[in-house]
Amino acid sequence: MNALGIVFRKELREILRDRRTLIAIGMAALATPAVLIVISQVSAKTATQEYTVGYSGDIPTGLDILLTATSLKLERVDDPAAAASKQVDLGVAFQPTQIDEYYDPTRQSAQIADTRLQTVLGEYNAAKAAAALREKGVDPAVLTPLPIKSHPLSSVVKAAGNAFLSFFLPYILITMVFTGGLSAALDASAGERERKTLEALLLTPAPRSRILVGKILAVTTISLLSAFAAISSMLLALSQIPLVGARVTLSPLAAAVMVWLAVLLAGSFSSLTLALGTLAKNFRQGQAFSTPLYFITIFPASIILFIPDFNPSLAYYLIPIFNAVLVLRDAIVQNSVAWPALGVTSVSLIATGLLCWFATLRLFTREALLIRS
11 MNALGIVFRK
21 ELREILRDRR
31 TLIAIGMAAL
41 ATPAVLIVIS
51 QVSAKTATQE
61 YTVGYSGDIP
71 TGLDILLTAT
81 SLKLERVDDP
91 AAAASKQVDL
101 GVAFQPTQID
111 EYYDPTRQSA
121 QIADTRLQTV
131 LGEYNAAKAA
141 AALREKGVDP
151 AVLTPLPIKS
161 HPLSSVVKAA
171 GNAFLSFFLP
181 YILITMVFTG
191 GLSAALDASA
201 GERERKTLEA
211 LLLTPAPRSR
221 ILVGKILAVT
231 TISLLSAFAA
241 ISSMLLALSQ
251 IPLVGARVTL
261 SPLAAAVMVW
271 LAVLLAGSFS
281 SLTLALGTLA
291 KNFRQGQAFS
301 TPLYFITIFP
311 ASIILFIPDF
321 NPSLAYYLIP
331 IFNAVLVLRD
341 AIVQNSVAWP
351 ALGVTSVSLI
361 ATGLLCWFAT
371 LRLFTREALL
381 IRS
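Right under this line is the structure:
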């Protein structure tokens, strides 16, 4: 254990002396809040932005007031269809018996203006129908013979916040755990070979298995530090910036699950990137070897982002990385843990980490790979 501790302290000292690692951790802590601030500002601007409706004909009484109240600016034009293609966001032709709407679905402003118009027209038509029924002495309730009264079992705002967090947090966790320790892992393997110091380290009396474990622990520590710095800054920003109508927070249960998964993922990634660095002749080649791995790691997270309602069977939790995303997503959204799923995920990630460790150890014991230039 003494040799392991010496290697761990030595690797950690060298990693922290590397400006690239410190800059990466600092950028990880600063980049996420900056992105969230931009998203918040864009969302707020989109919600309050005024869109132009080019119209022809006579606007029904009272409808112009409703349209203006929803930030739809009315502008009279000769040809609404032509104006909607480039001059205005939406073209509307008011006729005695119907309303013709013209918009370009490829423009986001036109889509937002169309949604606002449809909402206003729905409310206006319902109000006009209710008023007509009252004039004839008929209760407007006949239009809704079976009214629906919603009884949410939890806070709607909280559910929206959890959905937002489950959408981004697994992606950020996996990305930062992998990239946070990548430079350190390559420097501790390919970098040491490039500096001609790896051979001297391996000639010491310390067993190579302990040397490898010391390197893995050092890289894992940096990976976790980088990931938690990025996630902590993100959660701090979310607690101050209302993105979904309220400030987003992470429950203690989800936080505990996140920490456990981060440790397992960091150990596996550290072993794997050290193996790639050992195969590489220099630092640059190690980066080339690791680039495809980056896309492989973020692919499972991307799948979940685009299929948020995916309900897998227990067999899916055997797939490394993919299972971590599923477990963390469920812990955030449902604020509960399916222990069988967590157990299978833990076993899968531990087995993956051990497999990567044995592969890296085998490379460390092959003299031809360790001493080549």
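Residues 11 to 383 (this note's numbering) make up the sequence shown, in order. For each residue, glycine too, the CB sits at the ideal point set by N, CA and C. Here the structure is a predicted model, which means the values were calculated and not measured.
Residues near residue i in its chain [Cβ-Cβ closer than 7 angstroms; skip 5 each side]
{"i": "ALA195", "result": "VAL229, SER280, THR283, LEU284 and GLY287"}
{"i": "LEU14", "result": "ARG220, VAL223 and GLY224"}
{"i": "PRO350", "result": "LEU324"}
{"i": "GLY201", "result": "PHE293"}
{"i": "LEU82", "result": "TYR61, VAL63, ALA123, ARG126 and LEU127"}
{"i": "SER261", "result": "ASN345"}
Residue environment, residue i, which counts as buried when at least 16 other CB atoms sit within 10 Å
{"i": "ILE221", "result": "buried"}
{"i": "LYS225", "result": "buried"}
{"i": "SER408", "result": "Missing from the structure shown is residue 408; the chain here goes from 11 to 383 and no further."}
{"i": "ASN12", "result": "exposed"}
{"i": "ILE386", "result": "Nothing in the structure corresponds to residue 386, since the chain is present only between 11 and 383."}
{"i": "VAL337", "result": "buried"}
{"i": "ARG86", "result": "exposed"}
{"i": "GLY171", "result": "buried"}
{"i": "ASP312", "result": "According to the sequence shown, residue 312 is Ser rather than Asp. Exposed is the call here."}
{"i": "ASN135", "result": "exposed"}
{"i": "LEU235", "result": "buried"}
{"i": "ARG372", "result": "exposed"}
{"i": "LEU271", "result": "buried"}
{"i": "GLY191", "result": "buried"}
{"i": "GLU204", "result": "buried"}
Three-way DSSP call (helix, strand, coil) for residue i in this model
{"i": "LEU82", "result": "strand"}
{"i": "VAL87", "result": "coil"}
{"i": "SER219", "result": "helix"}
{"i": "ASP110", "result": "strand"}
{"i": "GLY15", "result": "helix"}
{"i": "ALA9", "result": "In the structure as shown, the chain starts at 11 and stops at 383, and residue 9 therefore has no counterpart that could be examined."}
{"i": "THR62", "result": "strand"}
{"i": "PRO43", "result": "helix"}
{"i": "ALA348", "result": "coil"}
Spatially closest choice to residue i from the options, by CA coordinates
{"i": "ARG392", "options": "LEU336, ALA123, PRO162 and LEU212", "result": "Limits of the chain in this structure are 11 at one end and 383 at the other, which puts residue 392 out of reach."}
{"i": "ILE232", "options": "GLU21, VAL17 and ILE16", "result": "GLU21"}
{"i": "ILE182", "options": "ALA173, ARG203, PHE238 and LEU156", "result": "PHE238"}
{"i": "VAL269", "options": "VAL187, PRO322 and THR362", "result": "VAL187"}
{"i": "ILE241", "options": "LYS206, GLN97 and SER176", "result": "SER176"}
{"i": "LEU352", "options": "ALA266, ALA169, TYR304 and ILE306", "result": "ALA266"}
Beta-carbon proximity list for residue i, same chain, < 6 angstroms, skipping 5 on both sides
{"i": "ASP99", "result": "TYR61, THR62, SER119, ALA120 and ALA123"}
{"i": "ALA264", "result": "ALA341 and ILE342"}
{"i": "ALA290", "result": "ALA200, GLY296 and PHE299"}
{"i": "PHE374", "result": "ARG218 and LEU222"}
{"i": "SER383", "result": "Because the pLDDT at SER383 is just 48, under 50, the model does not fix this residue reliably, and the value given afterwards should be weighed accordingly. No residues qualify anywhere along the chain."}
{"i": "GLU111", "result": "VAL102"}
{"i": "SER243", "result": "ALA39, THR42 and PRO43"}
Span separating the alpha-carbon of residue i from that of residue j
{"i": "ALA139", "j": "ALA93", "result": "31 angstroms"}
{"i": "GLY147", "j": "LEU84", "result": "35 angstroms"}
{"i": "ASP68", "j": "THR129", "result": "20 angstroms"}
{"i": "SER278", "j": "LEU76", "result": "58 angstroms"}
{"i": "VAL45", "j": "THR185", "result": "15 angstroms"}
{"i": "LEU26", "j": "ILE360", "result": "27 angstroms"}
{"i": "ALA137", "j": "VAL357", "result": "60 angstroms"}
{"i": "LEU328", "j": "ILE158", "result": "42 angstroms"}
{"i": "ALA169", "j": "ASP114", "result": "33 angstroms"}
Cβ-based neighbour list, residue i, same chain, cut-off 8 angstroms, excluding 5 preceding and 5 following
{"i": "VAL152", "result": "LEU143"}
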